[in-house]
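Going by the working numbering, the sequence shown opens with residue 30, and the numbers climb by one from there. All residues carry an ideal CB built from backbone N, CA and C; glycine is no exception.
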Amino acid sequence: MNEKKIDDLVRKSLRNNTESAIDSKEHIWNNIQNQLNKVEKQNYQKRKTFSQHHVRKRKKWISITATIACLFLAIFFTTTTKQGQALITTVRQWFEPKKSIQQELEGMKENTNVNLQGKDQQSPQEASFILYVDEQRYHVIKERDQFLITVDLPEKYPEVYMDITQKTGVKPQDAIQQIQQEMTAKYSHVGKIKQVKSPVTGYQLRADQGNKKWNDEVVVYYVVSNKQNGSFIIKQKYFLEASEGHGVRFDNMLKDFKVIPNAIKPKK
30 MNEKKIDDLV
40 RKSLRNNTES
50 AIDSKEHIWN
60 NIQNQLNKVE
70 KQNYQKRKTF
80 SQHHVRKRKK
90 WISITATIAC
100 LFLAIFFTTT
110 TKQGQALITT
120 VRQWFEPKKS
130 IQQELEGMKE
140 NTNVNLQGKD
150 QQSPQEASFI
160 LYVDEQRYHV
170 IKERDQFLIT
180 VDLPEKYPEV
190 YMDITQKTGV
200 KPQDAIQQIQ
210 QEMTAKYSHV
220 GKIKQVKSPV
230 TGYQLRADQG
240 NKKWNDEVVV
250 YYVVSNKQNG
260 SFIIKQKYFL
270 EASEGHGVRF
280 DNMLKDFKVI
290 PNAIKPKK
C-alpha cells in the first residue's frame, strides 16, 4: 500500500468516525488496529525486497504532530508494529472515556475522576475538539455554537463557568486583539496579551474589576488555533476568591484540550 492510498484511507476513516470518536471509541480503535495490522503486513513484505537505503529514505518523511488527525496519519505511516503500537497507546489515552487525574489545589493534592467530552464540527470550516471534564462537580451544556461547563452555586456567589466557542476565518492573533478591545470597554483592569504553552498553546488575556474584593468578577480568555484558519475562543469566568479553586480546575481541564481538524478540507 503506497503513501497516497494510506493517506486516503486515514482521511476516509477520520471523515466517517469523527462523530463516533466521542460516542463509540472501541469501534474506532478496532478499525485503527485492523488497518495498522494490514499496513504492517504489507510493509513487511516490501522490506524483504527494499534496500536499506530505501527504508532510511522512507522513514525520513514520517511526521508526528500534536494534533490527533496527524497522529492518526503517523500511525498508518509507521513502518514497524512497535512504533505503531506506541502511537496507538498515546492517542488512545486521549480517547479513554474515563480516567483519574491528580491536581493540586491551594497546596493540597486531589485525585479527581474525569470524563471525556467534546464537540463535533458544525460545518466544513470548523474543527472538533475533546477534553476531560470533572462531571461530579460541573455540568456540561452543549448548544450548536456553544460548549459550556458550569457549576451550581448558592445565590450569593457570582456565576462560574468555562465557555468554548469557535470562530471560523479569524486567526488567533486577530481574535485575541478583538477580545482585548471589548474587555477594555467593560473592565477597569485588563492585562496584556500573552503567548502561552500551558494549559493550551495560544494566547491568554485576563481582566477583572480591579477592586480586590472576594467577589470581584474575573474573566480569563484563551484563544487557540483550530488548525483550519480559525480560532477556538475559551472564556473562563469566576470570582477572585475562586481563582485558586475553579480557576485552577478549569486550567487543568484545558491541559487535555485537543483539536481535531476536519478530515475534509473546506471548499474555497
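Taking 7 Å as the cut-off, does the CB of residue i come closer than this to any heavy atom belonging to the ligand HEM?
| i | result |
| --- | --- |
| Ala156 | This structure simply doesn't include the ligand HEM, nor any ligand for that matter. |
Using the C-alpha atoms, what's the distance from residue j back to residue i?
| i | j | result |
| --- | --- | --- |
| Pro187 | Lys264 | 15 Å |
| Ile193 | Phe279 | 12 Å |
| Gly276 | Ile159 | 19 Å |
| Val300 | Pro153 | Residue 300 lies beyond the residue range present for the chain, which begins at 30 and ends at 297; the question has no answer from this structure. |
| Asn291 | Lys266 | 29 Å |
| Ala236 | Asn258 | 26 Å |
| Leu234 | Ile222 | 5 Å |
| Gly231 | Ser254 | 7 Å |
| Leu283 | Lys127 | 16 Å |
| Val189 | Val180 | 6 Å |
| Ser217 | Gly136 | 30 Å |
| Ser227 | Lys185 | 32 Å |
| Ile262 | Gln207 | 11 Å |
Tell me which residue opens and which closes the beta strand (DSSP E) that residue i is part of.
| i | result |
| --- | --- |
| Asp237 | 231-237 |
| Ile262 | 260-268 |
| Lys287 | 287-289 |
| Thr197 | Neither: Thr197 is in no beta strand (DSSP E) and is coded neither H nor E. |
| Tyr161 | 157-162 |
| Lys127 | 127-134 |
| Tyr167 | Where Tyr167 is concerned, there is no enclosing beta strand (DSSP E), given that its DSSP letter is neither H nor E. |
Throw me the rounded Cβ distance for the residue i and residue j pair, which I believe falls under 8 Å.
| i | j | result |
| --- | --- | --- |
| Val249 | Pro201 | Not a contact, Cβ separation roughly 15 Å. |
| Leu145 | Glu172 | The pair is not a contact, with the Cβ atoms about 19 Å apart (cut-off 8 Å). |
| Asn240 | Glu270 | Incorrect: roughly 12 Å between the Cβ atoms, too far for contact. |
| Val169 | Val143 | About 12 Å; that fails the 8 Å criterion. |
Kindly indicate the opening and closing residues of the alpha helix (DSSP H) around residue i.
| i | result |
| --- | --- |
| Thr281 | Inspection of the sequence shows that residue 281 is occupied by Asn rather than by Thr. Unbroken alpha helix (DSSP H) run through Asn281: 277-283. |
Rank the options by C-alpha distance to the C-alpha of residue i and give the top, closest one.
| i | options | result |
| --- | --- | --- |
| Ala214 | Gln233, Glu184, Gln238, Tyr167 | Gln238 |
| Gln224 | Glu273, Ile205, Lys241 | Ile205 |
| Arg166 | Asp174, Ala156, Ile178, Gln207 | Ile178 |
| Glu164 | Gln175, Lys242, Ser129 | Ser129 |
| Ala156 | Glu211, Lys185, Gly198, Gln207 | Gly198 |
**Item:** Length-filtered (4 minimum) alpha helix (DSSP H) runs lying within the region 170-230
**Value:** Uninterrupted alpha helix (DSSP H) stretches at least 4 residues long and entirely within the region 170-230 occur at 201-215, given in chain order.
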